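Those letters in the sequence shown? Residues 1 to 783, by full-length UniProt numbering. From the three backbone atoms N, C-alpha and C, an ideal C-beta is built for every residue, glycine too. Since the model is a prediction, treat every value here as computed from it, not as a measurement. Have a look at the structure below before the remarks.
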Amino acid sequence: MKIRADDIAAYTAVDDALVLAAVSSPAEQALLNDWLHSQRRAHPDSKIEVLKLPADDNPAPAALAQLVELLEADEDRSVVPVRVFWVPGGLPTRSKVVSLLSGRDTYCPPKALQHRILKRDPSRARVVAGEPAKVSELRQRWSETTVAENPREFARFVIRRAILAIERVELRLLGPEYKSPQLIKPEVLASARFREGLDKIPGATIEQAGEMLDELGTGWSRFSVDLIPSLGRAIFSRGFDPNIDYDRAEVERMRQSLESHPAVLLFSHRSYLDGAIVPVAMQENRLPPVHTFAGINLSFGFMGPLMRRSGVIFLRRKLDDPLYKYVLRQFVGYIVEKRFNLSWAIEGTRSRTGKMLPPKLGLLAYVADAYLDGRSDDILLQPVSISFDQLHETAEYAAYARGGEKTPEGVSWLYNFIKAQGERNYGKIYVRFPDAVSMREYLGEPHGPMTTDEAAKRLAMQKMAFEVAWRILQVTPVNATALVSALLLSTRGVALTLDQLHHTLQDSLDYLERKQTPMTNSALRLRTPEGVRVAVEALSNGHPVTRVDGGREPVWSIEPKDELEASFYRNSLIDAFLETSLVELALAHAARTESDRLQAFWTQVMRLRDLLKFEFYFADSAAFRDHVAEEMSWHADWENDVEAGGEQIDALLRAKRPAIAGPLLRPFFEAYQIVADVLIDAPAEIAEKDLTTKALGLGRQYVAQGRVQSNESVSALLFATARQVAADQHLLEPAADLADRRRAFRHELRGILTDMDAVDAYSREQFFARERNRRELRNDPVS
Numbered sequence: 001m002k003i004r005a006d007d008i009a010a011y012t013a014v015d016d017a018l019v020l021a022a023v024s025s026p027a028e029q030a031l032l033n034d035w036l037h038s039q040r041r042a043h044p045d046s047k048i049e050v051l052k053l054p055a056d057d058n059p060a061p062a063a064l065a066q067l068v069e070l071l072e073a074d075e076d077r078s079v080v081p082v083r084v085f086w087v088p089g090g091l092p093t094r095s096k097v098v099s100l101l102s103g104r105d106t107y108c109p110p111k112a113l114q115h116r117i118l119k120r121d122p123s124r125a126r127v128v129a130g131e132p133a134k135v136s137e138l139r140q141r142w143s144e145t146t147v148a149e150n151p152r153e154f155a156r157f158v159i160r161r162a163i164l165a166i167e168r169v170e171l172r173l174l175g176p177e178y179k180s181p182q183l184i185k186p187e188v189l190a191s192a193r194f195r196e197g198l199d200k201i202p203g204a205t206i207e208q209a210g211e212m213l214d215e216l217g218t219g220w221s222r223f224s225v226d227l228i229p230s231l232g233r234a235i236f237s238r239g240f241d242p243n244i245d246y247d248r249a250e251v252e253r254m255r256q257s258l259e260s261h262p263a264v265l266l267f268s269h270r271s272y273l274d275g276a277i278v279p280v281a282m283q284e285n286r287l288p289p290v291h292t293f294a295g296i297n298l299s300f301g302f303m304g305p306l307m308r309r310s311g312v313i314f315l316r317r318k319l320d321d322p323l324y325k326y327v328l329r330q331f332v333g334y335i336v337e338k339r340f341n342l343s344w345a346i347e348g349t350r351s352r353t354g355k356m357l358p359p360k361l362g363l364l365a366y367v368a369d370a371y372l373d374g375r376s377d378d379i380l381l382q383p384v385s386i387s388f389d390q391l392h393e394t395a396e397y398a399a400y401a402r403g404g405e406k407t408p409e410g411v412s413w414l415y416n417f418i419k420a421q422g423e424r425n426y427g428k429i430y431v432r433f434p435d436a437v438s439m440r441e442y443l444g445e446p447h448g449p450m451t452t453d454e455a456a457k458r459l460a461m462q463k464m465a466f467e468v469a470w471r472i473l474q475v476t477p478v479n480a481t482a483l484v485s486a487l488l489l490s491t492r493g494v495a496l497t498l499d500q501l502h503h504t505l506q507d508s509l510d511y512l513e514r515k516q517t518p519m520t521n522s523a524l525r526l527r528t529p530e531g532v533r534v535a536v537e538a539l540s541n542g543h544p545v546t547r548v549d550g551g552r553e554p555v556w557s558i559e560p561k562d563e564l565e566a567s568f569y570r571n572s573l574i575d576a577f578l579e580t581s582l583v584e585l586a587l588a589h590a591a592r593t594e595s596d597r598l599q600a601f602w603t604q605v606m607r608l609r610d611l612l613k614f615e616f617y618f619a620d621s622a623a624f625r626d627h628v629a630e631e632m633s634w635h636a637d638w639e640n641d642v643e644a645g646g647e648q649i650d651a652l653l654r655a656k657r658p659a660i661a662g663p664l665l666r667p668f669f670e671a672y673q674i675v676a677d678v679l680i681d682a683p684a685e686i687a688e689k690d691l692t693t694k695a696l697g698l699g700r701q702y703v704a705q706g707r708v709q710s711n712e713s714v715s716a717l718l719f720a721t722a723r724q725v726a727a728d729q730h731l732l733e734p735a736a737d738l739a740d741r742r743r744a745f746r747h748e749l750r751g752i753l754t755d756m757d758a759v760d761a762y763s764r765e766q767f768f769a770r771e772r773n774r775r776e777l778r779n780d781p782v783s
C-alpha cells in the first residue's frame, strides 16, 4: 500500500501539554520515547506530561483516575493525542490472510515481531500526533453535547475525542477508502439529544438501547477494507470479467460530491452479488467505504461477524418496537452527522423480473429525519446502477414465477451460490453513478415545515426516490443479452438464422442510437454478424437460448421451458422502448375508433400509462405527453394522419420501426387478463394467495389451450402486480356494480391485446419484407 503523504501534520509544542499516548508494546514504547525526546529537545521551555492509555475508550480505573486529576490541574493545558502508526507493507493485497497470520503485512503487527520488523525496515512505523485541544475547549464541547456531569465521564469524553483526532490524521495517510465510524455506541449513549428522546419512551432503559446499538454496530476495520473487496472480487470473478465497467467521468463527479456532503448510495438490485460489488467499486476507485443495510436473515454462521466488520448493518425484519425504531433513527443520524456514507437497495429486495421495482421509503425516512433535525446541511442520494450481461440467478427467479418458494439463506446456500457462480462465463458487470439527488432540494431547509408535516415529507420522499430510480434507468446500458432475448422471445419458439437475427436487430439499434440510449460494447457489436454470433453463442446451451445444428446453417431459438429466464433479460430493456411501445398500441386503438381519433390516441396512451404504473417508471403526466409528442414528431404531420385514420394510421404503423409493443408488453397484459378472468366469478374480497393460486391454475389451462401466447404470462410475479392494478381500479372491494366493472375491465384488456395483435402483424410484415430483400440480394430461393 502507498501512503498518501510523506509528512504528517506536526505537533506544535506549547507551554503546557498533556500527551495522551496509546502504546501497546515495548517497540511502540521505544518509538514514543524517541518522539518525546525529539519534542523536548526542539522545545526545551515546554512542559510535556505523558499519560499512557489503551488504544480503545476503556482505560483501567487507575489510568482514568489519573487522567481526571491531570485534566482538573489546568484548564489552559493542551491535550495532544499520539499513537504509533504502522505502515502496511510486505505481501501483496491478495495475500492478506497469509499476511495477517504471519504479521508481515498488518495494521498492527504482533508484538513479538515488531522489533524485528523495525530493524529490517524502520519506516514501517511512526508516531503520529492529532490536533491539540485545550482542556477548556473540550469541557465546553462536553457540556454542550452530553448530559453527564461526572468528571470521570469527562475523562472518557476526552479519550474519545483523542481517538477520533488520531483517526483523522491516519486517514490523511491511508486515504478516504479507510474512513469508518469509531466509538458509535459510547458517543450515542452519552449524547444529550439521545438521552432526551430516550426518556420519552415508556419503560426504555439505557442498557436496552446499548444492546440494540451493539446489534446495529458496524464498521470497516482497516484489514476488512483490504480483505472484503478482495473476497467479493474473488466470488464474482469466478463467473464474470474481473474488470468492472465504469464511466470514469461519473466516478470523478461522484468523488467531488462525496467530499462536501454525506451520501446515501441507492443501488439497483438484481443479484446477491450487488452487496459485494458496491464495496469493490468504492475501494478500487479510492472512494470512502459505505455502510450497507441488509436483512438480519443474512447474518448467519461466520458471515454475520465478518459482514459487520465490513460495513454491513443488519436490520430486524419487523420495526414494530418503539425503542428499536428510536435507536435506529439515532444511529442513522449519528452516521450522517459524522459524514459517513450509507447504502442500500432502493427497491428493498432483488427484482425477480429484471425490471426495476418501486422504491421503498422506510430507511429513507430515517435519513430524512436526520437531515431535517439539522445533522447535515444537505444529504446526497447517489443513484447506483448495477447491471450484468447474464446471471445464474435467473433460474431461481423462473422458479419463483412458477410459484416456488424462496430458499432460506445459510452456509449451504452460500456454498451453492458460489459454486453456481463458477459454472460458466456470465460476461461483464456494469456500474454507473449518475448525478446525485439533493435532499435539500426536495425537503427544504433543515428544521423547516416538513419537520412536522408528515404528509408533505412523505410526498417529497416519494418524488426523491422516483427521481433516483429514474436516473438509474437513464444510465443503465442496454446489453446484447437483452436485445437478443427480446428478439427470440418475439418469435414464440421459431428459430432464426444468424442473418435473420442480425438484420432484425438493426431497427432496435437504430432506435437506441437515435434516442442516445446508453449501450454496452456487446450491444454496439450487434451491428456486425460476428458480434451477433458472439452474443447468441454466449446464451446458447439453454442459457436461455437453444442452438440447433445439422442443417444448412445453425439456427437459434428460446424453448418454452426457458422463456421465463429469457424474460428477465428482456424486461431489463423495456424502459428504453416503453414510450414507443405505448405509442404503437395507442395508434392501433385510434385506428379502430370511429371519431375524434386524435383524442382517442391521447386518451389511450395516458390510460396505458396508468395501467402500467405499477410495472414501470414514467415521467409525470405533462412530461410524459411531451415525450410522446417527441416520439411522434419523427413522422411529419402525424396529428392530421391520426385524425384521418384508415390508411394514414396504417401508413404510420407500417413505417414505424421497430414495431415492438407485442414482444415487450404482451406478457404483462396477458397476465392482467388472466387475473381479470379469475375475478369474474371470484368473491369481492379475495386473498392475495388465493388469487395467485387460481391465476396460476387458469394460466396453465390457457397455455395448454393456446389462449395466451407466452408461458411467461403465467407468472406469480406478474400476478402480484396485476392484483395491484385491480385494487387500484377498485375491483377488490364490495360494490353494487362490481360485477359490471370487472367485466368492463376484462373487456378493456382484451381490446388492448387486440391492438397488440395488430401491431404484431405489422412487425411480421416488416420481418418478411426484410427476408425477401435479403434473399433477393443473395439470390437465395430457400426460406
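For His503, the uninterrupted alpha helix (DSSP H) segment begins and ends at 498-514. Between Arg316 and the set Leu608, Gln506, Leu213, Asp737, the nearest pair of CA atoms involves Leu213. Taking the Cβ atoms as the reference, Ser567 lies roughly 19 Å from Ala659, outside the contact range of under 8 Å.
Residues His269, Leu357 of the same chain have their beta carbon placed closer than 6 Å to that of Glu347, with the five preceding and five following residues left out of the count.
Looking at the DSSP output, Asn640 bridges to nothing. By the 16-neighbour rule on beta-carbons within 10 angstroms, Tyr415 is exposed. Nearest to Ala651 by C-alpha distance, out of Asp610, Ala629, Leu587, Ala623, is Leu587.
In the pairwise beta carbon analysis, the stretch 677-692 is classified as touching the stretch 726-733: at least three pairs are separated by under 8 Å. Nearest to Arg514 by C-alpha distance, out of Leu696, Trp634, Arg471, is Trp634. Look at the beta carbons and you see the stretch 482-492 touching the stretch 540-557: at least three pairs across the two are nearer than 8 Å. At least 8 Å separates the beta-carbon of Tyr430 from that of Pro383. With a cutoff of 8 Å on beta-carbon distance, Leu70 and Leu18 are scored as near each other. Runs of the alpha helix (DSSP H) lying entirely within the stretch 602-656, each at least 4 residues long, are 621-632, 638-644, 647-655 in chain order. Annotated as distal: Ala190 and Leu323, with beta-carbon spacing of 8 Å or more. In this structure Asn297 is in contact with Glu409, their Cβ atoms being roughly 5 Å apart against a cut-off of 8 Å.
Within the same chain, and ignoring the five residues on either side of Ala155 in sequence, the residues whose Cβ sits closer than 7 Å to its Cβ are Leu64, Leu67, Val68, Leu71.
In this structure, Phe267 sits away from Ala368, with a CB-CB distance that is not shorter than 8 Å. Bounds of the beta strand (DSSP E) holding Ile386 are 380-388.
When secondary structure is reduced to three states using DSSP, Met307 falls in the helix class.
Counting C-beta atoms within 10 angstroms of its own C-beta, Ile680 has fewer than 16 neighbours from the protein chains shown and is therefore classed as exposed. When Ser412, Ile674, Glu712 are compared, the shortest CA-CA separation from Pro560 is found for Glu712. In this chain, the beta strand (DSSP E) harbouring Tyr430 covers 429-432. By the 16-neighbour rule on beta-carbons within 10 angstroms, Asp677 is buried.
Straight across, the Cα-Cα distance linking Ser38 with Asn341 is about 39 Å.
Distance from Phe388 to Ser271 at the Cβ level is roughly 7 Å; contact confirmed, criterion being Cβ atoms closer than 8 Å.
Here Val135 is not near Val82, since their CB atoms are 8 Å or more apart. Ranked by Cα distance from Ser230, the options Ile277, Ile201, Ala591 are led by Ile277.
Ranked by Cα distance from Ile244, the first of Tyr334, Ser224, Pro61, Pro279 is Pro279. Comparing alpha-carbon positions, the option among Lys428, Glu149, Glu187, Gly197 lying closest to Arg238 turns out to be Lys428.
For Met756, same chain residues with a beta-carbon under 8 Å away, outside a window of 5 residues either side, are Leu585, Ala588, Ala661, Gly662, Leu665, Arg666, Phe669 in chain order. Between Leu526 and Leu509, the C-beta spacing is below 8 Å. Secondary structure at Ile313: strand, using DSSP grouped into helix, strand and coil. Taking Asp626 as the centre and dropping the five residues before and after it, the same chain places no C-beta closer than 6 Å to its C-beta. For the pair Leu51 and Arg160, the Cα-to-Cα distance works out to about 15 Å. Assignment of Glu584 by DSSP, reduced to helix, strand and coil, places it in the helix class. Straight through space, the alpha carbons of Lys338 and Val169 are spaced by roughly 16 Å.
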